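Have a look at the structure below, then the notes.
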Amino acid sequence: MDTAEILKKVRQIEIKSKGLSNHIFSGEYHSAFKGRGMSFSEVREYQFGDDVRAIDWNVTARFNHPYIKIFEEEREQTMMLLVDVSESSIFGTVKQNKRSMITELCAVLAFSAITNNDKVGVIFFSDGVEKYIPPKKGKSHILFIIRELLSFTPTRKGTNIKDTLRFFNNATKKKAIVFLLSDFLAGSYQDALNIASKKHDMVGVHIYDQRDKDLPAVGLIQMSDAETGTRQWVDSSDKQVQQYYAQQFQQHVQYCRNSFMKSGAELLSIRTDEDYVKALQVFFKNRA
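Count along the sequence shown from 1, add 1194, and you get the number used in the numbering used here.
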């Protein structure tokens, strides 16, 4: 896409995502990812109209005059989006490709976060970290992220979730809300996920296409692995081939579920032609 097309697409995504975050997800996001509450700030003398429940009885007894505790809401949270930009993310056969859905999901989540006065940062990854955008607040920052999601071109094709999580663990010292958006076509990442989940609020978003799951019966076809370039002729009409293809997908999904379950993190799966609004609503409400 040229610059004009990118800006037009950014505007379209902004209108859609901002509308969803304002009218649908603003309350759900806040409920699902509550801050750590109120923290003690100071004490001051009691004034008429103050809540008597806030009286600090120890200080009051010491000075023989009523004092109350002052609390302030703890600092805003940080959301980190870990975005798969590997070659397989551009695959899509029905409504849109995986990358397009990931972009829209990131936009909705980001606008929900800034509505809650949270910071948002992004890590683009393939078989290594491609780009790191430090967390910041504000609409202009979110629009910059969306532009990057639309226009970024990775330098590599593969997927390495393990090293990405290691980078994230080293780069982010304070607790964050983390959305890992990928088709998870990667090797083992269990240990790195365990470490990240102990410190951060981790959520995996598994994006897949219908054709990742089912092989259409169209006869002899040449299949190519987008990330490795490996090519193979396959008889797609063969029942055993179709069954094997479906089994491989189910095993992959089960591995993802087990990995997140073991780490104490959460995982939701969304197909590229499904309504991600409903999927997010259910997820947020279940966490509230």
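In this text, a Cβ means the ideal position worked out from N, Cα and C, and glycines have one as well.
Remember, predicted model here, so these are calculated numbers, not experimental data.
Tell me the DSSP bridge mates of residue i?
i, result
"Ile1464", "Ile1401"
"Gln1442", "According to DSSP, Gln1442 bridges with nothing at all."
"Phe1319", "Asp1278 and Val1323"
"Ile1249", "Ile1262"
"Lys1313", "Thr1272"
"Met1417", "Gln1426"
"Arg1238", "Ile1262"
Pop quiz: residue i and residue j are said to be a contact at Cβ under 8 Å. What is the actual Cβ separation, rounded to whole angstroms?
i, j, result
"Lys1407", "Ala1440", "7 Å"
"Ile1339", "Ala1304", "6 Å"
"Leu1214", "Val1471", "6 Å"
"Lys1331", "Asn1311", "7 Å"
"Leu1379", "Glu1421", "7 Å"
"Gln1445", "Ile1371", "Between Ile1371 and Gln1445 the Cβ distance is about 30 Å, and since that is not below 8 Å, they are no contact."
"Met1396", "Ala1459", "4 Å"
"Asn1216", "Thr1309", "7 Å"
"Leu1474", "Phe1219", "7 Å"
"Tyr1402", "Ser1463", "7 Å"
"Ile1317", "Phe1362", "6 Å"
Check each candidate in the options and name the one with the smallest Cα separation from residue i.
i, options, result
"Leu1299", "Gly1332, Glu1421 and Ile1336", "Ile1336"
"Ile1249", "Tyr1261, Leu1414 and Ile1415", "Tyr1261"
"Val1277", "Glu1460, Thr1358, Asn1258 and Ser1391", "Thr1358"
"Thr1350", "Leu1343, Tyr1402, Glu1324 and Arg1481", "Rather than Thr, the amino acid found at residue 1350 in this sequence is Arg. With distances taken between Cα atoms, Arg1350 lies closest to Glu1324."
"Thr1197", "Leu1344, Arg1360 and Ala1255", "Leu1344"
"Gln1290", "Phe1477, Arg1481 and Asp1469", "Asp1469"
"Ser1306", "Met1273, Arg1425 and Arg1247", "Met1273"
"Pro1410", "Cys1450, Arg1425, Gln1436 and Tyr1402", "Gln1436"
"Arg1360", "Ala1390, Lys1456, Gly1381 and Ser1376", "Ala1390"
"Leu1275", "Gly1243, His1259 and Ile1327", "Ile1327"
"Lys1313", "Asp1321, Pro1329 and Glu1281", "Pro1329"
"Arg1205", "Gly1352, Thr1297 and Val1428", "Thr1297"
"Lys1393", "Ser1457, Gln1434 and Ala1255", "Ser1457"
"Lys1377", "Phe1477, Leu1201, Gln1448 and Arg1481", "The sequence as given places Asp at residue 1377; Lys does not occur at that position. Minimum Cα distance to Asp1377 is reached at Gln1448."
"Asp1429", "Leu1201, Glu1208, Leu1414 and Ile1209", "Leu1414"
"Gly1381", "Ser1418, Asp1321, Arg1405 and Trp1427", "Asp1321"
"Tyr1383", "Thr1254, Arg1451 and Phe1257", "Arg1451"
"Gln1241", "Arg1481, Gly1221, Lys1203 and Lys1263", "Lys1263"
"Pro1348", "Arg1405, Lys1356, Ile1284 and Val1288", "Ile1284"
"Gln1404", "Asn1364, Val1288, Met1455 and Trp1427", "Val1288"
"Asn1258", "Ser1418, Glu1239 and Lys1356", "Glu1239"
"Arg1481", "Leu1201, Ile1200 and Gly1221", "Gly1221"
Around the C-beta of residue i, are 16 or more other C-beta atoms found within 10 angstroms, so that it is buried, or is it exposed?
i, result
"Met1295", "buried"
"Phe1319", "buried"
"Asn1354", "buried"
"Phe1293", "In the sequence as displayed, the identity of residue 1293 is Arg instead of Phe. Buried, since its Cβ has 16 or more Cβ neighbours within 10 Å."
"Lys1368", "exposed"
"Thr1466", "buried"
"Phe1227", "buried"
"Gly1286", "buried"
"Thr1366", "buried"
"Glu1281", "buried"
"Asp1245", "exposed"
"Ser1225", "exposed"
"Val1279", "buried"
"Leu1461", "buried"
"Lys1433", "exposed"
"Ile1207", "buried"
"Phe1477", "buried"
"Tyr1438", "exposed"
"Lys1202", "exposed"
"Ser1418", "exposed"
Tell me whether residue i counts as near the ligand FMN, meaning its Cβ is closer than 6 Å to at least one heavy atom of that ligand.
i, result
"Asp1377", "Among the components modelled here there is no ligand, and therefore nothing to report on the ligand FMN."
Discussion item. Could you tell me which whole alpha helix (DSSP H) segments of length 4 or greater appear in the stretch 1319 to 1403?
Written reply: 1333 to 1345, 1355 to 1365 and 1384 to 1393
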